[in-house]
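The sequence shown: position 133 = 142 (the numbering used here), numbered continuously. Ideal placement from N, C-alpha and C gives every residue a C-beta, glycine not left out. The block underneath contains the structure these notes are about, expressed in structure tokens.
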Amino acid sequence: MSSNKSTGKVYLIGAGPGDPGLVTVRARQLIEIADVIVYDYLANPKLLDWARKDAERIYVGKSAGRHSIPQDEIEEILVNRANKGLQVVRLKGGDPFVFGRGGEEIDELQLDKIPFEIVPGVTAALATAAYAGIPLSHRDYSSSITFLTGHENPEKHTLSIDFKAHAKTKSTLCLYMGVGQLPRIVGELTEGGMSGDTPVGIVEWATLNRQRSVYGTLDTIVADLKASGIGAPAMIIIGEVVAHRAKTEWFEGRELFGKRFVVTRAREQAGQLTQMLEDKGAEVIELPFIEVQPQFDAKRLGEILAGIAVYEWVIFTSANGVKLFFELFYKAFDDIRCLGPMRIAAVGAATAREIEAHKLKVDFVPTQANADALADELIENEGMESVQVLVITGNQNREELVLRLETEGRAIVDTLPLYKTIKTDLLNNEAAARFRKEGADAILFTSSSTVNSFIDQSAAFKLEEGARQPVLGSIGPMTSKTLKDKKLPIGFEASVSSLEHFVDAAVKHFSKR
Ligand code: SAH
10 MSSNKSTGKV YLIGAGPGDP GLVTVRARQL IEIADVIVYD YLANPKLLDW ARKDAERIYV
70 GKSAGRHSIP QDEIEEILVN RANKGLQVVR LKGGDPFVFG RGGEEIDELQ LDKIPFEIVP
130 GVTAALATAA YAGIPLSHRD YSSSITFLTG HENPEKHTLS IDFKAHAKTK STLCLYMGVG
190 QLPRIVGELT EGGMSGDTPV GIVEWATLNR QRSVYGTLDT IVADLKASGI GAPAMIIIGE
250 VVAHRAKTEW FEGRELFGKR FVVTRAREQA GQLTQMLEDK GAEVIELPFI EVQPQFDAKR
310 LGEILAGIAV YEWVIFTSAN GVKLFFELFY KAFDDIRCLG PMRIAAVGAA TAREIEAHKL
370 KVDFVPTQAN ADALADELIE NEGMESVQVL VITGNQNREE LVLRLETEGR AIVDTLPLYK
430 TIKTDLLNNE AAARFRKEGA DAILFTSSST VNSFIDQSAA FKLEEGARQP VLGSIGPMTS
490 KTLKDKKLPI GFEASVSSLE HFVDAAVKHF SKR
């Protein structure tokens with residue numbers, strides 16, 4: 010975005026409770042255009058996938074071995090960036106004005122005369138109620154709802170809320186930041202006259218696939234919480250309505266809920282499988298064995314773009330190639346018609362989808378998604394003799410395609426390599442570190458090459474003590490054969506090699522247990 014000194018602005022945005030589907034349309038729009046995104050612990054980092062590649066991302070939450078950045082430093086970051094004319098998105102978990110210190114940030118912005126906008130978010134109490142099926146108000150049991158905090162000021166660690174006064178109101182109490190102080194709060198509520206039978210529900214990481222919950226009564230909940238192992242961040246809901254929650258657990262009751270899968274694919278392709286698993290409630294750790302890095306010759310790119318309209322066919326061999334090509338194309342031209350009247354071929358459906366996202370029709374996709382089929386069918390069906398062709402590709406393995414188009418098809422072919430594929434260093438990858446620490450229920454292999462990479466990088470898969478021991482899942486007979494050849498035990502396999510069958514096989518495997 011072009012920015013100048015007079016247009017800097019801070020957007021204080023509620024990031025919702027975690028599930029990315031729960032942010033507002035406005036929040037998403039602003040994340041997409043932001044120059045800078047300042048986010049904390051409770052804002053789901055997945056929201057940052059919507060941000061521009063070149064947006065500055067500043068994490069100000071706590072992380073292992075480090076305290077969160079002090080509030081005045083956060084305010085300084087906001088002011089400082091806005092003063093440079095940048096569009097600054099400040100993402101805060103839940104709603105910025107519910108126990109989110111939004112008021113303090115606004116004070117500072119006003120003091121410095123920085124323009125701002127505030128976007129509300131779904132606060133944890135409402136999200137927890139919905140995802141646990143607890144109606145916060147009910148005509149028969151509760152006609153008021155109270156939001157309380159267990160820590161009034163995270164730096165103070167003292168309570169000045171008069172919990173006794175809340176004990177007899179019959180209001181549904183929603184307690185934020187309360188797990189650490191629960192014994193004391195329960196004591197005060199009891200002293201204030203709240204019945205020991207009053208139902209209590211505690212939900213950790215509500216709306217995420219790692220949501221966990223525990224239910225009890227005012228008398229039992231401290232012990233129940235301890236036994237459950239649940240901790241912060243958690244929402245505590247106290248009141249008669251908790252006993253009247255939905256019998257059907259629409260969220261925690263899903264087929265793969267509570268299961269954790271490792272998906273081992275290049276990032277670009279993992280999306281669909283991840284989505285299918287998450288829809289059934291699973292948590293997914295994506296481990297890309299390989300990564301794509303832009304790599305191209307700027308001079309060559311310039312020449313090809315300058316003459317782009319002369320090509321009669323443009324062939325894309327991967328979705329990555331499409332993405333990079335259009336990024337570079339839009340940098341050079343601001344009118345899609347500069348592309349010219351060429352016909353377009355894609356090696357497979359995923360590549361075609363990426364092209365169609367630019368509202369461009371794909372003229373040709375081979376019946377099988379590989380370069381050989383593409384060469385065969387193009388030469389046979391389209392007659393490539395003396396045709397000017399551009400192949401947009403990575404810098405590996407495409408010589409064969411070019412060679413065949415030139416020799417068998419007698420086409421005039423230029424290639425434009427845009428990226429290289431490199432092995433991910435999983436020992437230094439955050440997601441892999443999480444796998445080693447927590448383990449998973451299954452590692453899903455979607456091809457023989459993922460099996461080979463797994464063996465190749467076995468050091469990165471060494472589980473720490475106490476981590477969940479995964480079974481190995483195979484997408485189909487070919488992959489299973491590779492697993493068997495390598496003497497790896499197969500936990501489950503799909504009979505037919507497709508993502509749908511794979512997910513079904515996982516569901517079947519885990520429902521048996
Ligand atoms: N502004 C936030 C609250 C920040 S205070 C909001 O509106 O939700 C942090 C507390 O919020 C946590 O200690 C926890 O009590 C609650 N919380 C936030 N996200 C939560 C989640 N996904 N599940 C359960 N509780 C959550």
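In the DSSP assignment, the residues bridged to residue 423 are 399. Below 8 Å, enough C-beta pairs join the region 415-423 and the region 379-396 to call them touching: three or more.
The alpha carbon of residue 317 has as its nearest neighbour, out of 399, 58 and 472, the alpha carbon of 399. Residue 97 places its beta carbon less than 8 Å from that of residue 44. In the assembly as shown, residue 298 is a buried residue. Its beta-carbon has 16 or more other beta-carbons within 10 Å. Annotated three-state conformation of residue 119 is helix, per DSSP. Under DSSP, residue 222 forms a beta bridge with 212.
Spatial neighbours of residue 105 in its own chain (CB-CB distance under 6 Å, excluding positions within 5 residues in sequence) are listed in chain order as 21, 23 and 111.
In terms of Cβ geometry, residue 155 and residue 180 form a close pair [threshold 8 Å].
Three or more beta-carbon pairs separated by less than 8 Å are not found between the region 280-299 and the region 171-179, which leaves the two stretches without contact. Selection 108, 102 and 152 evaluated against residue 130 yields 102 as nearest (Cα-Cα). The Cβ atoms of residue 444 and residue 271 sit closer than 8 Å to each other. Between residue 269 and the set 253, 289 and 260, the nearest pair of CA atoms involves 289. Non-local C-beta neighbours of residue 508 in its own chain, meaning closer than 7 Å and more than five positions away in sequence, comprise 281, 282 and 285, ordered along the chain. Rounded to the nearest angstrom, the gap between the Cα atoms of residue 128 and residue 37 is 10 Å. Cβ-Cβ separation between residue 57 and residue 42: approximately 13 Å, too far for a contact (criterion under 8 Å).
For the region 100-152, the continuous alpha helix (DSSP H) assignments of 4+ residues that do not extend past its boundaries occur at 111-120 and 133-141, in sequence order. The continuous alpha helix (DSSP H) containing residue 444 extends over residues 439-447. With respect to the 8 Å criterion, residue 194 and residue 211 are not classified as neighbours on the basis of their beta carbons. With a cut-off of 7 Å, the C-beta of residue 191 is classified as distant from ligand 1, since no heavy atom of the ligand falls inside that distance.
Under the three-state reduction of DSSP, residue 483 is assigned to strand.
The three-state secondary structure of residue 96, taken from DSSP, is strand. When the beta-carbon positions are compared, residue 273 and residue 511 stay at least 8 Å from each other. The DSSP-derived three-state label of residue 68 is strand. Taking 7 Å as the cut-off, the C-beta of residue 51 counts as close to a heavy atom of ligand 1.
Distances from the CA of residue 26 to each of 17, 39 and 51 were compared; the closest alpha carbon is that of 51. Within the same chain, 426 and 429 come within 6 Å of residue 404 by CB-CB distance, once the 5 residues on both sides are set aside. The beta-carbon distance between residue 320 and residue 220, rounded to whole angstroms, is 52 Å. This is too long to meet the 8 Å contact definition. Residue pairing by DSSP leaves residue 339 without any beta bridge partner.
Inter-residue distance for residue 477 and residue 449 is about 5 Å (C-alpha atoms, whole angstroms).
As the crow flies, the alpha-carbon of residue 133 is around 23 Å from that of residue 197.
In the displayed model, residue 269 falls within a strand according to three-state DSSP. For the pair residue 412 and residue 308, the Cα-to-Cα distance works out to about 23 Å.
Taking the Cα positions, residue 136 is about 45 Å away from residue 377. Taking each of 61, 186 and 261 in turn and checking the Cα distance to residue 108, the smallest one comes out for 186.
When the Cα atoms are used, residue 437 and residue 294 turn out to be separated by approximately 15 Å.
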